[in-house]
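Report on the following structure.
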Amino acid sequence: MVANDFLKNKFKTDVRKFSRNYEASLFSEILNAGGTVDSNVIFSPESYLPRSASLNLTVDLFGEAFNVLEFGGRAEGLEQYVEDLFGPDGYYPDKSLRKTLRNIKDRFMSQQEEIENGISALARSFDVKGKLDRAARASLYARVFGNELKYSQFEGLEDVTGGLAGLASPWEVLSRLLSGNTVDYSKSLVFVDASYVIPTSIGLPLEFAVNGSASIALKMGGKIDLEELWTRGSMDVQGHVMPSVAVEFSGLMSVDAFVSKAGVRSVSTLRSNTYLDGKVDILDVTSKLFLVGGAPESQEVVELRGVVEDKERHKACTPQILSTLTGMQLCGELSYRNASRFPDSPYFPLTGPFILSVSADKTDVFDSYELNYRGVRELTKFKDQMTYQLNVDTPGSRVDRKLKLLFSLDNSNKAVKVNVMTPFFRLETDAKLEDDLNGKGFDVSVRLNDDEVLDARGAVRASFNGNMGRYQPSFSLTVMNRKLVDLTGRVDFVTGSKYIGDFNLLGFTKDPVLISGKTTLSRPNRDSNLGPPIIIPPVEHENDALDRAATESYLPSLLNCDLNVDREKWEVSASFKADAINGSVHSSARFNDDSMSVKATAQYGLPGRKEQSVVFSAKTQRSLKGTLAQRSAYLNIQMSAFPQYGVELSLDEQRSSDYLERRAQLALGEVQWQTGFQRRHKITEDHTELSTLVYVTCPKRGVDYKLDLLYQRLPSVLTAHALVNTPSKLWGSLKVTRAPSGQQDIKVELEVPWWTGSAKGRVSRPGLRRIEGTVEAEWTSRGGKTGGLTLKGTLDNLSDARSVVFKGTLEAGGAVDASLVAGLSSRSSDIDLWVIGTRGADTFSGNITCSRNSYYSLTTKVQVGPKTYFSKLVLLNERGEKAIAVDLQLVRRVTLASKVAPYSTVSSG
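Sequential numbering of the sequence shown, starting at 1, is according to this note's numbering.
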C-alpha cells in the first residue's frame, strides 16, 4: 500500500529532499528461515545533505528475529567542507559533481524560500545560513547481534586530524622497512559469541550457540642497498612479506537435561599462510561435525561421518611444464559429501566433513627469484632509441631458468624489436613502419630458434594528377617459409565519380586470380544518364611493363564487378570465370526511414553440369497505426542444387499499451516450425483481464506445445483457466458467480492424461449464524470407470465466539453414504473438539480436550465401532518442580511418568 502510485504522486518523494526507507526481505518456507535488509536515509530541514543513515541486516530463524549486523552514522555541519572540496574554488572542482551539488542545494533553498515568502515571521526567526555554518560533528556505530562493537564521535575536524597526528607517516614506515628493520603485527579477536535458548513442550531447553574468532599476523621487512647505483648503475633490493590468517567458526545445537547434555557441533576453520618455505598454504578450509553428549564435566565428542554413500573428492595440480618454468607447483583439493540423491538429507554443511585446500609446493632447491632491470635511452641529433632489458633467474636451482627480455624502440627509424631468450626457446620479433610522400608500408618478421615463423609486408603507393590518381596496394604473408598471400594491384580513379581496379592474387588457389572491377557513383537530384563514358588517362609507372608481362605468362581467373550507388538504392553486378567454375551475381538494396530490403541472385555452373542458382532476400519494416506499433522481418535463402537446405524465416511483432503479440515462422526445407507469444492486460475499477498464450508447433515432427492462461474478473463473475498442451494434455478452469443475495456458484473442471473430472458447488448464507453449502462432483478414469459424489453441509453458531457446529452428509450413487457432525467449543481454560460420523452401519467418534490449570493436560478419545482408544498427556512446568506423565490405552496400556526436582541438603549443628 505504501508503494502505490497515489501516495507517490501525493508526496512527490524526491530522493534529494525527502527521507527514505529501503527494505528487502526473503523467506523460505522449506528452510523456515529468512532475512530482511533495511536502510534509512534521514534528511533535516536545516540542510541539503542527509542528517543520518543506517543499514540493518536481520535474520528470521526458528520464529525469532536476530539482528545480525547493523551500522550507521549521523553527521551535521558538513556543508561548508563539501563546498570547499568540490566547489568552484575547491580542491576538486569537478563540473558534473559541482552541478549535482548545486541542484540539490537549489532545490533545498527554493523550498525554504517558498516557506519564507508565505510565513515571513517564521523566515525572520529561521536563519538557514546560521545553522549551516555551525561546527561539524559526526558519530558512527557498528553492532553485531545487538552488541555494540564500535562507537566513535567527532566534534569538529580537530578530532579527526588529532587522531591522525599520532600515526606515523607512510614514508616513515617505508624508511623503517627499507633500512633492514622488521615489522611484526598480530591481532586476535572474537567477532561473534552468542547463544539462544528456546523452551520446548517437554520442559527441556533447546540451545543454539555460535562462536567465531580470528587471528591475523603480518611480518614484513626489507632493505635497499644503493651503494653501486651511481657507479655501476645497479642496486640491491631485498624484502619479505609473510601474511597469515586463521578463522574458526563453531556452532552448537543441544538439548540440556541439566544432568546431561546432547547435541551436534559444527566446526569450520579457514587458514592461509603465504610464507615461501617449502609448501605455501594459500587457502585451507575445513568443516567437521561432532556428536556431543554426556555430563557437562565429562562430555564425549565423537566425529560424525555424515552421508557416507556419495563421497566426492577431487584433486588437481598445474601442468609439469609450468612447474619447470616457475619452480613451483600449484595444487588444489576438494572433498565433500554429495547428498543430492537423498531428499531427506540435511543441507550443507550438515551433510558431513568438507575440505577445500589450495597450496603451492616448491619443486626445486632455489631460495629466491632474482630480477635485473635496465633502461637506456640514446638521444642524439640523428638518433632517438630506447632500450629496456629485464633478466629473471633462480640462483642455485637445478633447472636453468634464465630469462632475458629485450625491448628496443627506434623512434627515428620507426622500428621496434622484441627478443625473448630462455633456456627452452629464443623468440625474435622485428617490426618497422614506412611513411613518406610516396606512400605508407609496414614490415613484420618473427623468428623462433633462428627459423622464420612469420613474415608480413604491406604497402600502399599513391600518385595524383588533379582530381585523378592511382593507388598501388601490395601485401604478402609468409608463414613457416610458405607464402600464403601475395597480392598486388592498382586502382585508378576520378574523385567522387568513377573507380577502376585490377588486382593479382597468388597463394589462395592453385592458379593465380585476376580481379578487375568498376564502380560508378551517381549523385542525387541528377539525371541517371552519365553521358559519354569517362576515360581515365593512364598514369605511367615504371612497373607497368613488368605487370603486363607477368599477366600474359599464364591464363588467369577473371572477375568483373560494377557498383551503382544512389541515396536510396544500391545495385551490384558481377561476373566471374575460372577453369573450375563460372557464374554471375546481381544484387540490389533499397532503404528508407521505415523499411529496408535486400535481394541477391547468384547463378553458377560447373563443367559438364546443369547451371544452378542461389537466391537471397531479406526485408525489415515498421509502421504505426494509432496506438498499435508493428514491426516485421523476413529472410529467405533458396538453393536450386540443395532444396532441402532452404531457409525461410519471418518475424512479426504488434505492440500497444495493453497488448503484445510476437510470431515467428521458420521453414527448413519441407519442415515448418511456428512459435508465438500473446499477452493482454486490462485493469479498470470494475474489470480485470489478464491472459497469456505461448505455443510451438511443427506438424511434420508431431510437435504441438501450448500454454494458455486466463484470468478475468467482472463485478459478479470471476473466470480463470489454464491449458498446458504437451504430448499429455493438462486442462483446468474455474468460474465463480456471485448473486446480489450473497449466494455464490462455483464450477471447477480438471483434465489430466489419466483422469477427467468436474465439480460444481453453491454456498449461501440464509442468516447471520448459518452457512449452507453443496458440492457435486463427477469423474471418469482412463479405463472408462465413472464415479460421483455429493457433499452437503451446514455451519451453525457463527456468531457465538465460544462454539461452532458443522453438519454434513456425503452421497454416492444417489444414496447417503456417510454423515459427519463436528463441533468446537471453548471455556475459560479448556478447548474441546469433537467429531461424530457414520458410514452405513459403521460409526466412529472422537474427542480432543486441552486444559490449562496449574498444569497442561491433553486428552484424546477415539471410538471406532466397538473399540475405544484413549490417551492423555500431562505436563507440569513450575519453578521448583517439573514433571511429565503419559497414559496410552491402545491395544495395551502404557504409562510413563517422570519428575525433576531440585536437589538440596540440610545440615544441622
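Cβ coordinates follow ideal geometry from the N, Cα and C atoms, glycine included.
Just so we're clear, the structure is a prediction, and the values are computed from it rather than from any experiment.
Report the CB separation of residue i from residue j in whole angstroms; it is logged as a contact under 8 Å.
i, j, result
"residue 837", "residue 820", "4 Å"
"residue 809", "residue 832", "Actually they do not touch by this definition, with Cβ atoms about 24 Å apart."
"residue 779", "residue 755", "6 Å"
"residue 818", "residue 834", "Incorrect: roughly 17 Å between the Cβ atoms, too far for contact."
"residue 392", "residue 406", "In fact, because the Cβ distance is near 13 Å, the residues do not count as touching under 8 Å."
"residue 748", "residue 768", "That pair is no contact at about 28 Å."
"residue 736", "residue 759", "No, residue 736 and residue 759 are not in contact; Cβ-Cβ is about 13 Å, not under 8 Å."
"residue 251", "residue 295", "Between residue 295 and residue 251 the Cβ distance is about 22 Å, and since that is not below 8 Å, they are no contact."
Have a look at residue i and residue j and give me their C-alpha separation to the nearest angstrom.
i, j, result
"residue 242", "residue 454", "45 Å"
"residue 326", "residue 367", "13 Å"
"residue 683", "residue 689", "6 Å"
"residue 70", "residue 25", "16 Å"
"residue 396", "residue 363", "13 Å"
"residue 273", "residue 280", "6 Å"
"residue 430", "residue 613", "48 Å"
"residue 910", "residue 493", "Lying outside 1 to 909, the shown extent of the chain, residue 910 is not represented and no answer is given."
"residue 723", "residue 729", "8 Å"
"residue 420", "residue 371", "15 Å"
"residue 533", "residue 468", "For residue 533, the predicted model reports a pLDDT of 36, less than 50, meaning its position is unreliable and no value from the coordinates is stated."
"residue 486", "residue 425", "30 Å"
"residue 787", "residue 716", "32 Å"
"residue 542", "residue 461", "In this prediction, residue 542 scores a pLDDT of 42, lower than 50, which makes its location untrustworthy; the coordinate-derived value is nonetheless stated afterwards. So the alpha carbons of these two residues sit roughly 13 Å apart."
Taking its Cβ as the centre, do 16 or more other Cβ atoms sit within 10 Å of residue i, making it buried, or is it exposed?
i, result
"residue 289", "buried"
"residue 336", "buried"
"residue 624", "exposed"
"residue 287", "buried"
"residue 144", "buried"
"residue 714", "exposed"
"residue 607", "exposed"
"residue 20", "exposed"
"residue 890", "exposed"
"residue 893", "exposed"
"residue 351", "buried"
"residue 77", "buried"
"residue 581", "exposed"
"residue 146", "exposed"
Got a sec? Which residues, its chain only, sit under 8 Å from residue i by beta carbon, not counting five neighbours each side?
i, result
"residue 188", "213, 214, 215 and 216"
"residue 622", "594, 595, 629, 630, 631 and 632"
Going by beta carbon distance, what residues of the same chain come within less than 6 Å of residue i, once the five residues before and after it are set aside?
i, result
"residue 385", "378 and 410"
"residue 751", "731"
"residue 442", "433 and 458"
"residue 262", "255 and 293"
"residue 896", "886"
"residue 663", "652 and 676"
"residue 477", "456, 484 and 485"
"residue 591", "568"
"residue 620", "596 and 633"
"residue 218", "185 and 243"
"residue 142", "71, 149 and 150"
"residue 304", "289 and 291"
If you reduce the DSSP assignment to three classes, tell me which class residue i lands in.
i, result
"residue 645", "helix"
"residue 326", "helix"
"residue 863", "strand"
"residue 320", "helix"
"residue 48", "coil"
"residue 302", "strand"
"residue 381", "coil"
"residue 271", "strand"
"residue 743", "coil"
"residue 717", "strand"
"residue 243", "strand"
"residue 428", "strand"
"residue 81", "helix"
"residue 895", "strand"
Spatial neighbours of residue i within its chain, please: CB distance less than 7 Å, with the 5 preceding and 5 following residues excluded, ordered by chain position.
i, result
"residue 793", "773, 806, 807 and 808"
"residue 877", "203"
Can you find a CB in chain D that lies within less than 8 Å of the CB of residue i?
i, result
"residue 248", "Here there is only one protein chain, and chain D is not present."
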